[in-house]
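Step one of this worksheet: look at the structure below.
Residue numbers (our numbering): 2 to 284.
See the structure below:
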């Protein structure tokens, strides 16, 4: 039997029984969760601002150096671990996937924010000096309020403030169109990666040509459309290898590979090691 990485719910990490949103100073959160250094995943969103400290943290096997004024947004289901050094401080917000459902007319409204894309490169970023005071003010308002509607408004305003980063300032019609198309492609991959593996399948769903899709993805994130699809399949394989008590054959079947050997070849070609070697390395 293979050890599994635990899924943590919000209440198990909170000082209160509020199960839709919790906001704390990072120092307080860490003092109550001192043993939370093992790889784990959450059933909720986690937004964290570092204002002090060092070390590393990782999201879905990608490691980042901790620096003051760094933000990360972690999505439900992603695997996370941290190894902090020194005195840590900042703010942490945990909120449920349905936190905004009765508040927003369009649930897909959140998809406009880059850090909800599922691309890890968009989920970890630094706050520029001109935004730091405003960002801290909004975190403090979240920390002090007990009004859920006010918390929703404040959190949305915080999202909009974070989206003001310099690299995200191109608001031309073509840039907005490309951004929307890329997000729709990523969303379709998330829903269909087990069965649809070819860019032409997604291009058809997006009503564009495969060449258009590939050029868009290449220009936006430096990968081909096919690479983005394969990376999502590979990520799910990694998650299953360390999260669940599944055999390699069961994982291959669950990801719609014809047989175990084909899955092993796919994994080794893209990761450089076999599924068995990856599992031993991470559990």
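Yeah, the Cβ is synthetic: ideal placement off N, Cα and C, and Gly gets one too.
Item	Value
If distances are taken between C-alpha atoms only, which option among 208, 124, 110 and 133 comes closest to residue 81?	124
Should residue 280 be listed as close to the ligand HEM, given that the test is whether its C-beta is under 6 Å from any heavy atom?	Annotation note on the ligand HEM: not contained in the displayed structure, which lists no ligands.
With distances taken Cα to Cα, identify the nearest neighbour of residue 118 among 77, 273 and 87.	77
Hey, how far is the Cα of residue 57 from the Cα of residue 37?	14 Å
Roughly how many whole angstroms lie between the Cα atoms of residue 145 and residue 52?	18 Å
Quick check on residue 81: does DSSP put it in helix, strand or coil?	strand
Flag this pair as yes or no: are the beta carbons of residue 208 and residue 238 separated by less than 7 Å?	no
For residue 240, tell me which candidate among 217, 283, 25 and 211 has the shortest Cα-Cα distance.	283
For residue 254 and residue 229, what's the separation of their Cα atoms in angstroms?	21 Å
Taking Cβ positions, are residue 235 and residue 257 nearer each other than 7 Å?	no
Quick check on this structure: which residue in 134, 187 and 100 has the alpha carbon closest to the alpha carbon of residue 149?	100
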